[in-house]
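Trainee: So the sequence lines, in the order shown, correspond to chains A and B.
The first sequence runs 1 to 187 under the UniProt record's numbering.
The second sequence runs 1 to 187 under the UniProt record's numbering.
Idealized CB from N, CA, C, for every residue including glycine.
The structure presented is a predicted model; accordingly, all values stated were derived computationally and were not measured.
There are 2 protein chains.
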Amino acid sequence: MARWEPNARGRLEQAAMDLFTEHGFEQVTVAEIAARAGLTERTFYRHFSDKREVLFPDASPLYQGLTDALAAAPDTATPIEAVAAVLDTTAAFFTDRHRFSRRRQAVIAANAELREREAVKLASLADALASGLRERGVAEPAASLAAEAGIAVFKVAHLQWVADDDPGDLGALMRTALGELRTTLSP
Amino acid sequence: MARWEPNARGRLEQAAMDLFTEHGFEQVTVAEIAARAGLTERTFYRHFSDKREVLFPDASPLYQGLTDALAAAPDTATPIEAVAAVLDTTAAFFTDRHRFSRRRQAVIAANAELREREAVKLASLADALASGLRERGVAEPAASLAAEAGIAVFKVAHLQWVADDDPGDLGALMRTALGELRTTLSP
Numbered sequence: 001m002a003r004w005e006p007n008a009r010g011r012l013e014q015a016a017m018d019l020f021t022e023h024g025f026e027q028v029t030v031a032e033i034a035a036r037a038g039l040t041e042r043t044f045y046r047h048f049s050d051k052r053e054v055l056f057p058d059a060s061p062l063y064q065g066l067t068d069a070l071a072a073a074p075d076t077a078t079p080i081e082a083v084a085a086v087l088d089t090t091a092a093f094f095t096d097r098h099r100f101s102r103r104r105q106a107v108i109a110a111n112a113e114l115r116e117r118e119a120v121k122l123a124s125l126a127d128a129l130a131s132g133l134r135e136r137g138v139a140e141p142a143a144s145l146a147a148e149a150g151i152a153v154f155k156v157a158h159l160q161w162v163a164d165d166d167p168g169d170l171g172a173l174m175r176t177a178l179g180e181l182r183t184t185l186s187p
Numbered sequence: 001m002a003r004w005e006p007n008a009r010g011r012l013e014q015a016a017m018d019l020f021t022e023h024g025f026e027q028v029t030v031a032e033i034a035a036r037a038g039l040t041e042r043t044f045y046r047h048f049s050d051k052r053e054v055l056f057p058d059a060s061p062l063y064q065g066l067t068d069a070l071a072a073a074p075d076t077a078t079p080i081e082a083v084a085a086v087l088d089t090t091a092a093f094f095t096d097r098h099r100f101s102r103r104r105q106a107v108i109a110a111n112a113e114l115r116e117r118e119a120v121k122l123a124s125l126a127d128a129l130a131s132g133l134r135e136r137g138v139a140e141p142a143a144s145l146a147a148e149a150g151i152a153v154f155k156v157a158h159l160q161w162v163a164d165d166d167p168g169d170l171g172a173l174m175r176t177a178l179g180e181l182r183t184t185l186s187p
């Protein structure tokens with residue numbers, strides 16, 4: 001019978017991030033993460049399928065948020081306005097996650113396989129966003145270009161956000177980055 | 001002693017692509033590729049380290065072309081003008097490769113692991129491009145944004161190019177896509 005463990009998931013996340021930061025992702029075992037959190041391996045596996053899932057949790061809420069934001073955008077929204085609405089929604093997923101995101105980024109930056117996983121995740125999000133725009137009736141290549149631009153803005157603003165000691169507003173950083181992308185592309 | 005085999009690399013590429021197309025990438029062995037090309041496995045391994053390298057050859061000429069194009073761009077070039085110069089150079093790598101690129105894209109599209117490899121390759125190119133722009137004195141986040149925009153344009157135009165029965169001009173498609181990205185981003 002599973003014992004009730006207060007905030008087991010949060011404790012496991014924090015223990016994992018402490019250990020990844022101290023020893024590097026590859027060196028850390030699930031047994032060590034559970035021990036550091038004062039929990040059993042069995043409890044770990046009730047929350048995560050493996051240690052990588054601490055860094056790359058189930059993305060379906062993010063995809064659902066993306067779909068919902070596109071559905072909520074007015075019919076009159078241009079492709080890039082719809083993308084901006086998605087970015088605003090995405091920012092909400094990161095509220096109160098600055099310290100976690102910052103440490104996560106450092107762990108990922110130190111490991112080639114994790115960097116590749118992050119690149120694949122962002123490419124999948126771009127594909128989902130392009131697909132959602134096509135469902136709104138946006139033609140190609142505008143759908144793919146707007147989606148790729150949105151993910152580029154997310155990537156750059158997210159890196160700025162985690163690099164900052166003071167947790168600023170990720171949504172504001174993304175809106176600024178979108179403006180900077182426009183300026184950069186101006187002939 | 002290695003026998004001289006006329007156009008061994010080209011024959012191996014074509015045999016591999018035929019077999020990947022017929023049976024799927026995963027089902028094909030190096031022995032089968034060599035046999036189809038009328039060559040030995042030993043000859044295969046003189047040209048490729050494994051079957052995946054047929055689809056993802058050494059990218060160092062591409063990186064060198066990128067670096068050279070940035071070096072050749074005038075000091076007065078804006079970041080996006082420098083990126084456009086890199087895209088023009090990149091197009092030259094694909095001249096006479098339309099049939100190969102088209103079949104390669106179909107093989108990659110059918111295999112999740114290969115799609116991930118392609119995403120990682122494009123992300124690496126974006127990083128290299130951003131790094132080259134910073135070396136030209138472009139500040140962040142403009143360097144990363146211009147680089148991501150350039151890779152987005154490459155990705156979208158390359159997909160259009162391989163989808164087209166008639167091998168058009170990849171460079172022209174990229175210039176058009178860059179213009180469309182500008183339009184898409186206009187408020």
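Classify GLU135/A: buried if its beta carbon has 16 or more other beta carbons within 10 angstroms, exposed otherwise.
Mentor: exposed
Trainee: At which residues does the alpha helix (DSSP H) containing LYS51/B begin and terminate?
Mentor: Per DSSP, LYS51/B belongs to no alpha helix (DSSP H) and is neither H nor E.
Trainee: Measuring straight from C-alpha to C-alpha, what distance separates ILE151/A and ALA92/A?
Mentor: 16 Å
Trainee: If you drop the 5 nearest sequence neighbours on each side, which residues of the same chain put their C-beta closer than 6 Å to that of MET1/B?
Mentor: Here the model assigns MET1/B a pLDDT of 43, short of 50, so the residue's position is not dependable and the matter cannot be decided.
Trainee: Can you round the beta-carbon distance between GLY18/B and ARG36/B to whole angstroms, since I take them to be within the 8 Å contact cut?
Mentor: Note on residue identity: the sequence assigns Asp, not Gly, to residue 18/B. Beta-carbon to beta-carbon, ASP18/B and ARG36/B are separated by about 7 Å, close enough to satisfy the 8 Å threshold.
Trainee: Ends of the alpha helix (DSSP H) at GLN64/B?
Mentor: 60-72
Trainee: In the DSSP assignment, the alpha helix (DSSP H) including ASP18/A goes from what residue to what residue?
Mentor: 8-23
Trainee: How many Å lie between residue 188/B and LEU170/B at the Cα?
Mentor: Examination of residue 188/B is not possible in this model, given that chain B is present from 1 through 187 alone.
Trainee: Name the chain A residues that come within less than 8 Å of ALA72/B, Cβ to Cβ?
Mentor: Those do not exist, as ALA72/B stays about 20 Å from chain A at its closest Cβ, beyond 8 Å.
Trainee: Below 7 Å between beta carbons is the criterion; list the residues of the segment 119-152 of chain B that meet it against any residue of chain A, in chain order.
Mentor: ALA119, VAL120, ALA123, PRO141, ALA142, SER144, LEU145, ALA146, GLU148, ALA149, ALA152
Trainee: Check each residue of the segment 159-180 of chain B: if its Cβ is closer than 7 Å to any Cβ of chain A, include it; give the result in chain order.
Mentor: GLN160, ALA177, GLU180
Trainee: Check whether the segment 141-160 of chain B and the segment 30-44 of chain A touch, using three or more Cβ-Cβ pairs below 8 Å as the test.
Mentor: The segment 141-160 of chain B vs the segment 30-44 of chain A: no contact.
Trainee: Which chain A residues sit within Cβ distance under 8 Å of ILE108/B?
Mentor: Here the premise fails: no neighbours, minimum Cβ distance about 12 Å.
Trainee: Rounded to the nearest angstrom, what separates ASP164/B and ARG97/B at their Cα positions?
Mentor: 13 Å
Trainee: Going by Cα to Cα distance, which pick from GLU53/B, VAL83/B, LEU55/B, ASP58/B is closest to THR67/B?
Mentor: VAL83/B
Trainee: Report the three-state DSSP secondary structure of PRO187/B (helix, strand or coil).
Mentor: coil
Trainee: Quick one: residues in its chain with C-beta nearer than 6 Å to the C-beta of THR89/A, no 5 flanking neighbours on either side, listed in chain order?
Mentor: GLY65, ALA69
Trainee: Residues of chain A with CB under 8 Å from GLU32/B, in chain order?
Mentor: Neighbours of GLU32/B on chain A: none; closest Cβ ~28 Å, over 8 Å.
Trainee: Hey, would you say ALA8/B sits closer than 8 Å to HIS47/B, going by beta carbons?
Mentor: yes
Trainee: Do we get a CB-CB distance below 8 Å when we pair residue 264/A with the residues of chain B?
Mentor: With chain A covering 1 to 187 only, the question about residue 264/A has no answer from this structure.
Trainee: Compare the C-alpha of VAL54/A against each of GLU13/A, SER131/A, ALA157/A, GLN105/A and name the closest.
Mentor: GLU13/A
Trainee: Applying the criterion that 16 or more other CB atoms from any shown protein chain within 10 Å of the CB defines a buried residue, is GLY10/A buried or exposed?
Mentor: Note on GLY10/A: under 16 other CB atoms within 10 angstroms of its CB, so exposed under the neighbour-count rule.
Trainee: Residues in the same chain with beta-carbon distance under 6 Å from GLN105/B, minus the five sequence neighbours each way, listed in chain order, please.
Mentor: VAL162
Trainee: ALA123/A and ALA143/A - do their beta-carbons sit closer together than 8 Å?
Mentor: no
Trainee: Is ARG136/A helix, strand or coil by DSSP?
Mentor: coil
Trainee: Starting from the beta carbon of GLU113/A, find every residue of chain B whose beta carbon is closer than 8 Å, and list them in chain order.
Mentor: None at all; the shortest Cβ gap to chain B is about 10 Å.
Trainee: How is the alpha helix (DSSP H) around VAL86/A delimited, first residue to last?
Mentor: 79-93
Trainee: Counting only beta-carbon atoms, is GLU116/A nearer than 8 Å to chain B?
Mentor: yes
Trainee: Is THR29/A helix, strand or coil when you go by DSSP?
Mentor: coil
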